[in-house]
Structures are given as structure tokens and as C-alpha cells.
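J.: Heads up: the sequence shown begins at 1 in the UniProt record's numbering, then just goes up one per residue.
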Amino acid sequence: MRARIRYITPFAVAVALTAACGESGSSGTGGGGAGGETAASGDACAPVPGDQLVVLEDDRNLQNADNIIPAVNAAAAQANPALLPALDEVSAALTTDELVAMNAAVDVQRQSAEEVAAAWVEENIDTAGLEQGSGTVVVGGANFTESTILATIYADVLDAAGFDASVQEVGNRELYLPALQSGEIQVFPEYLSTATEFLEGDDANQVASGDVDATVEALTPLAEEAGLVFGQPSEAADQNAFAVTQAFADELGVSTLSELAEACGDGSLVLGGPGECPERPFCQPGLEETYGLEFDSFRELDAGGPLTKAALEQGEISLGLVFSSDGALAQG
């Protein structure tokens, strides 16, 4: 499981959500739980099976902004003025849809991360126009597909900018952050809100939010204190998200969580996700408080994994917790 999963820790909450399990509209107790069911007051938003999954837009920013952002050792950035501009070119071009497609190419179509990264750079980056630098740069990557792809993209672009760049797998944040601070590695593809809260270090003091600009502002002094600098955040984000089948979305004509709430006032939604979901502020209680969603029942599955996706596809749940850049969300 990815080391940066946010739903299991309270520090990633953007606002104080106080809804508790078992309150009106919640199935965290009684009919909720693994496979639990209660009688719905209607069936307008009962599960609809389908092969294609689609994320509903979090239009009220329940989730923190975990946009992809380059993290760089401050001394390396100062010594190599062309370093950050090259990485910012990646941020300017990278979208969530492209990240989904690249994850699918590696995880589903079994292409190599190197092939996928090279193809993306060729299509999206004007390498001839990059400011030129020199010297050796080590780009770190965590041990999951997306991080490897992003690290390889960074390295390819830095190579095109005149650097001698390589990729080194360095594991989770507890391992790679000290390596980045010490200069053992110089660059790492990070996640905006998760990096901000990790550097802040105080679970009681929430500084990240769903506002990208405000979170960057909060991150900047924390990064300086840690001996790091961050580039520009990309549009691409990998964060907790809620998916339905395309057939379900088409039947109701919804593309946002607010629209889902308007269409599903009869309490017939079935929610699926990890066992912590009925208690975590940006899972079921957050959906209830922020969007006014009401659920017939909750089904305990996994954290954006194969159980949740299979339950959506098979019509066992209406709405499921996923990761916004999961390759399973690729169209077609």
C-alpha cells in the first residue's frame, strides 16, 4: 500500500468535520459495517454495474490538494539554476488524466515505466527550448508505479536540459526525505498536501487544505527550514476520490459530488471503502457534512483497491473510495 495514504490519519483534514458514525444518514453503526445493509427509503441511487469507473468531482474541496510537485534539495537548486525551471515544465504540462493513462499503461498494459515516461516527454515537452544546465542529478522515486513514472519523467527532462540524471528507488518518505535533505538525492516527485503536513509535523496544527495556492504558501517556509525548495504544482493530483460507474453517472446525469447529493435525497446510496471510512472525517462523515449525502449502508472493502473497484463494477456499491490517478479509471 502506498506510504502516503491520507485517509487513515487525521492531519489531512482541511476543515473540522464533526459528524460521527451512527448519526442521521450514517451507516457507521447498526446496518453499516462489512456487508451490512438497511432498508432504503428509495432506489434512485442504488448501485448500477458497469465496466468503466469515473471519479465525481470534489467540487467543495473535501479532500486536501495533493497535486504533484517537484521537491528539490535547496543547495542543488541554488547551484544549478536550470534545475527547477526544467521540472516546472513538467508541472505545466502534466494532468490527472495523463497520469491515469500512464499508470494504466504500466499496470494494465504492462509497458515499462521508462517507455511510458519517454513517450510522455516526447509528446508534451519542448526539450529544445529548455534552459540548459550541467552536472549529475539523482532523482528519487518511491516503490510504486506512479512515483517511478514521475521520477523517470523528471530524469528524462533533466537529461534534455543538459544534466546527467538518473533514477534511484529510495522507498517511503521516512527514508527519502532525509536523503533529499542531505543531498544524497537532489530531486523527488512529491504530493503537495502530504509533503506539507509531513514537514509541519504537528497533527494538531492543520496547514494543508483543498486550496492549492494556500497550501503552497504554507509549504514554502516549512521547506526552507528543511533545506528544500519546491517547484510549481501540476494540475495532476493523486488524492482520495469517490468513484461511480459510468453507467450510474449517465443514468443520474451527475459529474460532481454536489450533483450526486441533489439526485440522491432518498438515502439509497451504498458506500464502499476501508473499514475506517465511517469514522474518518474525509470519508463518510465528510461526505455527509460537506455534501449532505445520505447513505443506505456502508460496505467494508479496501482502500481504493481491487475489492472496492470490483464492488463498483459488479453493482454491489453505488459510490467507492479510490485514488484519483488510479489506472483503473483510464477511459476505454
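Note that CB positions come from ideal geometry on N, CA and C, so glycine has one too. These numbers come from a predicted model, not from an experiment.
1) So what's Ser297 in DSSP terms, helix, strand or just coil?
2) If I measure Cβ to Cβ from Thr290 and keep anything under 6 Å in the same chain, skipping five residues before and after, which residues do I get?
3) Taking buried to mean at least 16 other C-beta atoms within 10 Å of its own C-beta, is Gln186 buried or exposed?
4) Decide if Asp58 is buried, meaning its Cβ has at least 16 other Cβ atoms within 10 Å, or exposed.
5) Where in the region 192-217 do unbroken runs of the alpha helix (DSSP H), each at least 4 residues long, occur, reported from the N-terminal end onward?
6) Going by the beta-carbon positions, is the gap between Phe230 and Pro85 smaller than 8 Å?
7) Considering only residues of the same chain and omitting the five flanking positions on each side of Ala241, which have a CB-CB separation below 6 Å?
8) Determine, using beta carbons only, whether Gln109 and Gln331 come nearer to each other than 8 Å.
9) Tell me the DSSP secondary structure of Pro85 in three-state form.
10) Of all the alpha helix (DSSP H) runs that stay within the bounds of the region 96-156, which reach a length of 4 or more residues?
11) Could you spell out the range, first to last residue, of the alpha helix (DSSP H) harbouring Asp250?
12) Thr96: which of Ala261, Arg173, Ala161, Ala65 sits nearest, CA to CA?
13) Since Leu260 is in the alpha helix (DSSP H), which residue starts that stretch and which ends it?
14) Grab the span of the beta strand (DSSP E) containing Leu228 for me, first residue to last.
15) Following the continuous alpha helix (DSSP H) through Ser166, name the residue where it begins and the one where it ends.
16) Spatial neighbours of residue 335 within its chain, please: C-beta separation below 7 Å, excluding the five flanking residues on both sides.
17) May I ask which residues mark the beginning and end of the alpha helix (DSSP H) holding residue 333?
18) What residue range is occupied by the uninterrupted alpha helix (DSSP H) comprising Leu307?
19) Specify, as a first and last residue, the run of the beta strand (DSSP E) that Pro70 falls within.
20) For residue 385, which residues of its own chain have a beta-carbon under 7 Å away from its beta-carbon, when the five flanking residues on both sides are left out?
21) Excluding five sequence neighbours on each side, which residues of the same chain lie with their C-beta closer than 6 Å to the C-beta of Ser24?
22) Going straight from the alpha carbon of Thr194 to that of Ala208, what length do you get?
23) State the start and end residues of the unbroken beta strand (DSSP E) segment that holds Leu319.
24) My output table needs one value for Pro221: the three-state DSSP class, helix, strand or coil.
25) Check Glu276 in the structure and name its three-state DSSP category.
26) What are the residues that DSSP puts in a beta bridge with Glu57?
27) Run through DSSP, which three-state label would Ile185 get?
28) Pick from Phe295, Gly135, Ala151, Gly273: whose alpha carbon is nearest that of Ala142?
T.: By the coordinates alone:
1) Position 297 of the sequence shown, counted from the first residue, corresponds to residue 297. Strand.
2) Here residue 290 corresponds to residue number 290 of the sequence shown, with the count starting at 1. Excluding sequence positions up to five before and after Thr290, its CB lies within less than 6 Å of the CB of Arg60, Leu62, all in the same chain and listed in chain order.
3) Locating residue 186 in the sequence shown gives position 186, where the first residue counts as 1. With 16 or more Cβ atoms within 10 Å of its Cβ, Gln186 is classed as buried.
4) Taking the sequence shown and counting its residues from 1, one reaches residue 58 at position 58. Buried is the call here.
5) As for any alpha helix (DSSP H) of minimum length 4 sitting wholly inside the region 192-217, the runs are 192-200, ordered along the chain.
6) Counting from one through the sequence shown, the residue named residue 230 turns up at place 230. Counting from one through the sequence shown, the residue named residue 85 turns up at place 85. Result no, Cβ atoms of Phe230 and Pro85 do not sit closer than 8 Å.
7) Start at 1 with the first residue of the sequence shown, and residue 241 comes out as number 241. Residues of the same chain with a CB within less than 6 Å of the CB of Ala241, apart from the 5 flanking positions on each side, are Val55, Val322, Ser324 in chain order.
8) As a first step, residue 109 must be located in the sequence shown, where it is residue number 109. As a first step, residue 331 must be located in the sequence shown, where it is residue number 331. Not a contact, by the Cβ cut-off of 8 Å.
9) Within the sequence shown, numbered from 1, the residue matching residue 85 stands at position 85. Here Pro85 sits in helix by DSSP.
10) Listed in chain order, the complete alpha helix (DSSP H) runs (minimum 4 residues) inside the region 96-156 are 96-107, 113-124.
11) Reading the sequence shown from its first residue, position 250 is the one you call residue 250. From DSSP, the alpha helix (DSSP H) with Asp250 extends over 246-252.
12) Stepping through the sequence shown from its first residue, residue 96 is reached at position 96. Selection Ala261, Arg173, Ala161, Ala65 evaluated against Thr96 yields Ala65 as nearest (Cα-Cα).
13) Taking the first residue of the sequence shown as 1, we reach residue 260 at position 260. Note, Leu260: alpha helix (DSSP H), 257-263.
14) Reading the sequence shown from its first residue, position 228 is the one you call residue 228. For Leu228, the uninterrupted beta strand (DSSP E) run begins and ends at 228-230, by DSSP.
15) Start at 1 with the first residue of the sequence shown, and residue 166 comes out as number 166. Looking at the DSSP string, Ser166 is not in any alpha helix (DSSP H); the run it does join, the beta strand (DSSP E), is 164-169.
16) Nothing about residue 335 can be reported from this structure: the residues present for the chain run from 1 to 332 only.
17) What the structure shows of the chain is the stretch from 1 to 332, and residue 333 is not part of that stretch, so it cannot be assessed.
18) For the purposes of this step, residue 307 is taken as residue 307 along the sequence shown, with counting starting at 1. Boundaries of the alpha helix (DSSP H) around Leu307: 306-313.
19) Stepping through the sequence shown from its first residue, residue 70 is reached at position 70. Segment 68-73, the beta strand (DSSP E) holding Pro70.
20) The structure shown does not extend to residue 385, since the chain spans only 1 to 332, so no value can be given for it.
21) Position 24 of the sequence shown, counting from 1, holds the residue named residue 24. In this prediction, Ser24 has a pLDDT of 26, which is less than 50 and means its spatial position is unreliable; what the coordinates show is noted afterwards. Non-local C-beta neighbours of Ser24 in its own chain, meaning closer than 6 Å and more than five positions away in sequence, are absent.
22) Taking the sequence shown and counting its residues from 1, the one referred to as residue 194 is at position 194. Taking the sequence shown and counting its residues from 1, the one referred to as residue 208 is at position 208. Cα-Cα distance, rounded: 8 Å.
23) For the purposes of this step, residue 319 is identified with residue 319 of the sequence shown, where counting begins at 1. Segment 319-323, the beta strand (DSSP E) holding Leu319.
24) Taking the sequence shown and counting its residues from 1, the one referred to as residue 221 is at position 221. Helix.
25) On the sequence shown, position 276 is the one that residue 276 refers to. Looking at Glu276 - three-state DSSP - the assignment turns out to be coil, as it is neither helix nor strand.
26) Numbered from 1 along the sequence shown, position 57 holds the residue referred to as residue 57. Partner(s): Thr256.
27) In the sequence shown, counting from the first residue as 1, residue 185 sits at position 185. In the three-state reduction of the DSSP assignment, Ile185 falls in the coil class, being assigned neither a helical nor a strand state.
28) Counting from one through the sequence shown, the residue named residue 142 turns up at place 142. It is Ala151 whose Cα lies nearest to the Cα of Ala142.
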